[in-house]
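Student: My questions all concern the structure below.
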Amino acid sequence: MPDFAAYAAQEQHSRGRRVAEDKPVYRTEYQRDRDRIIHSAAFRRLEYKTQVFVNHEGDMFRTRLTHSIEVAQLSRSIARILQLNEDLAETIALAHDLGHTPFGHAGQDALNACMKEYGGFEHNLQSLRVVDELEERYAAFRGLNLTFEAREGILKHCSLSNAKLLGDVGQRFIDKHQPGLEAQIVNLADQIAYNNHDVDDGLRAGLLSIKQLREIKLFDAQYTQVKQTYPELAERRMTHEIIRRMINVTAIDLIDTTRRQLAQLKPANIDEIRRQSQPTAGFSEAMRDMNHELKQFLRHNLYRHYRVHRMTSKASRILSALFDAFLNDIGLLPHDHQTFARQYAEQHGDSGRARAVADYIAGMTDRFAITEYERIFNPAELT
Ligand code: MG
1452 MPDFAAYAAQ EQHSRGRRVA EDKPVYRTEY QRDRDRIIHS AAFRRLEYKT QVFVNHEGDM
1512 FRTRLTHSIE VAQLSRSIAR ILQLNEDLAE TIALAHDLGH TPFGHAGQDA LNACMKEYGG
1572 FEHNLQSLRV VDELEERYAA FRGLNLTFEA REGILKHCSL SNAKLLGDVG QRFIDKHQPG
1632 LEAQIVNLAD QIAYNNHDVD DGLRAGLLSI KQLREIKLFD AQYTQVKQTY PELAERRMTH
1692 EIIRRMINVT AIDLIDTTRR QLAQLKPANI DEIRRQSQPT AGFSEAMRDM NHELKQFLRH
1752 NLYRHYRVHR MTSKASRILS ALFDAFLNDI GLLPHDHQTF ARQYAEQHGD SGRARAVADY
1812 IAGMTDRFAI TEYERIFNPA ELT
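At position 332 of the sequence shown (counting the first as 1) the number is 1783 in the working numbering, and the numbers step up by one without a gap.
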């Protein structure tokens, strides 16, 4: 058994599963959660979903699958150092993006706009919906029936109105409390991973340059060190060396700062972590400022780059058109989704029907959404 800190999530104190199950024979409860996620359909689809670049733009860029694996790797390392529950951290990391729409943030914004009158669309909430409701793999229950701690970690943000509908995992948003440290660590590891891989992908796509990035403190500090030690290094290796070091200093800052905060707080158990009004895990103020600067830079220079914007505007037109077409005529949906649409409509009227359409669209990969758009709108396309 690993040596857990007093405030780590430990399965003997778990708040359990929605449907009670026998204990696993050789695995921990959180290992079982992780294994269920890896075997889910939503997890496999992450391979063909993207964050910034559309999937067919090239095989070089991160997908949500490789992103989730990077987040899991960072989270596990940090969890182990802080004597947290590594299995739970890995579970939350692998599941954190399961509810994402096709086409990254553009897709999420488009679907949220479509769902405005029907309760909106939040990708965190959708990730929870995937593991609680949408996966159809077990005879005894709907969804994956994960532990409370995994579900708590997956629901990173949530509006107050949605929190009120969610019961146990929604309560902390009403009380303004925190999740366990494993969830807090994954949230920060997610930020470390995407900031750095977006720099890497942006450079590789030729949308960002090293010269531009030297305006950024976090990048420039590592650039200067690498250049001093290896003045002749070729650009690709230099880029990777800089990014590797950026990830390292950011992760070390997170571990050191969190340790300091833990030493002050001296939490006796996970519930004392949960009862705080602020997260216990975090970066130093200096690192927060540098991360903020990098984020702003990426927003202006990468996410709003005209070549990225062309793609995201196309993506949002595709999703809005699909949504309208399906909502106006659910007969266009595949049979099983028609059935869901009718069932939800019986229970919740128009909002229910719209939710079934949003579930269908959110589950699509980038390329499936493009193909489906062709099938629905291109008269030359025979389906
Ligand atoms: Mg993420």
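Glycine residues also receive a C-beta, built at the ideal position from the N, C-alpha and C atoms.
1) Which residue's Cα is closest to the Cα of residue 1605: 1745, 1793 and 1575?
2) With a cut-off of 7 Å, does the C-beta of residue 1551 fall near any C-beta of chain B?
3) By how many angstroms is the C-alpha of residue 1641 removed from the C-alpha of residue 1478?
4) What separation, rounded to the nearest whole angstrom, lies between the Cα atoms of residue 1425 and residue 1526?
5) Just the C-alpha distance for residue 1694 and residue 1512, rounded to the nearest angstrom, thanks.
6) Excluding the five sequence neighbours on either side, which residues of its own chain have a C-beta within less than 8 Å of the C-beta of residue 1485, listed in chain order?
7) Three or more C-beta pairs closer than 8 Å, one from the region 1567-1574 and one from the region 1654-1662: is that the case here?
8) Below 8 Å on the Cβ atoms is my guess for residue 1619 versus residue 1599; work out the distance and round it to an integer in Å.
9) With a CB to CB cut of under 8 Å and the five nearest residues on each side skipped, what residues in its chain are close to residue 1472?
10) Alpha carbon to alpha carbon, how far is residue 1603 from residue 1829?
11) Measuring straight from C-alpha to C-alpha, what distance separates residue 1482 and residue 1709?
12) Is the beta carbon of residue 1631 less than 7 Å from the beta carbon of residue 1737?
13) What three-state label does DSSP hand residue 1755 in the structure shown?
14) Between the C-alpha atoms of residue 1559 and residue 1681, what's the straight-line distance to the nearest angstrom?
15) What does residue 1468 pair with, by DSSP beta-bridge criteria?
16) Considering only the alpha carbon of each residue, which of 1455, 1458 and 1645 lies closest to residue 1522?
17) Can residue 1766 and residue 1827 be called in contact, C-beta distance under 7 Å?
18) Alpha carbon to alpha carbon, how far is residue 1557 from residue 1764? Give it in angstroms, no decimals.
19) Mind checking whether residue 1633 and residue 1536 have CB atoms under 7 Å apart?
20) In whole angstroms, give me the CA-to-CA distance for residue 1549 and residue 1629.
21) Can you look up residue 1776 in the DSSP assignment and give me helix, strand or coil?
22) In whole angstroms, give me the CA-to-CA distance for residue 1716 and residue 1760.
23) When the Cα of residue 1696 is compared with those of 1722, 1676, 1706 and 1457, which residue comes out closest?
24) Taking 6 Å as the cut-off, is the C-beta of residue 1707 nearer than that to any heavy atom in the ligand MG?
25) Quick check on DSSP: helix, strand or coil for residue 1791?
26) Please confirm whether residue 1811 and residue 1786 have their CB atoms less than 7 Å apart.
27) Would you call residue 1500 buried or exposed, if buried means 16 or more other Cβ atoms sit within 10 Å of its Cβ?
28) What does the alpha-carbon distance come out to for the pair residue 1741 and residue 1720?
29) On the DSSP letters alone, give me the boundaries of the alpha helix (DSSP H) that residue 1541 sits inside.
30) Tell me the DSSP secondary structure of residue 1731 in three-state form.
31) What does the alpha-carbon distance come out to for the pair residue 1805 and residue 1792?
32) Below 8 Å on the Cβ atoms is my guess for residue 1427 versus residue 1795; work out the distance and round it to an integer in Å.
33) To which residues of the same chain is residue 1469 closer than 8 Å at the C-beta, ignoring the five residues directly before and after it?
34) Using DSSP with H/G/I as helix, E/B as strand and the rest coil, what is residue 1567?
35) Rounded to the nearest angstrom, how far is the Cβ of residue 1492 from that of residue 1770, given a contact under 8 Å?
Tutor: Based on what the coordinates show:
1) Out of 1745, 1793 and 1575, 1575 has the C-alpha closest to the C-alpha of residue 1605.
2) Protein chain content of the structure displayed is limited to a single chain, and chain B is not contained in it.
3) 26 Å
4) This structure cannot settle anything about residue 1425, because the visible part of the chain is limited to 1452 through 1834.
5) 15 Å
6) 1538, 1541, 1542 and 1545
7) With a cut-off of 8 Å, the region 1654-1662 and the region 1567-1574 do not count as touching, because too few Cβ pairs lie within range.
8) 6 Å
9) 1591 and 1596
10) Between residue 1603 and residue 1829, the C-alpha separation is close to 43 Å.
11) 25 Å
12) no
13) coil
14) 42 Å
15) Residue 1468 is bridged to 1598.
16) Per the Cα distances, 1645.
17) Taking 7 Å as the Cβ cut-off, residue 1766 and residue 1827 do not qualify as a contacting pair.
18) Approximately 7 Å between the Cα atoms of the pair.
19) Yes.
20) One Cα belongs to residue 1549, the other to residue 1629, and the distance between them is close to 21 Å.
21) DSSP places residue 1776 in helix when its eight states are reduced to three.
22) 45 Å
23) Here the closest residue by C-alpha is 1676.
24) no
25) For residue 1791, the three-state secondary structure derived from DSSP is helix.
26) no
27) buried
28) 32 Å
29) 1537-1546
30) coil
31) Using only the alpha carbons, I get a separation of about 8 Å.
32) No answer is possible for residue 1427: the residues shown for the chain start at 1452 and end at 1834.
33) 1583, 1592 and 1596
34) helix
35) In fact, because the Cβ distance is near 20 Å, the residues do not count as touching under 8 Å.
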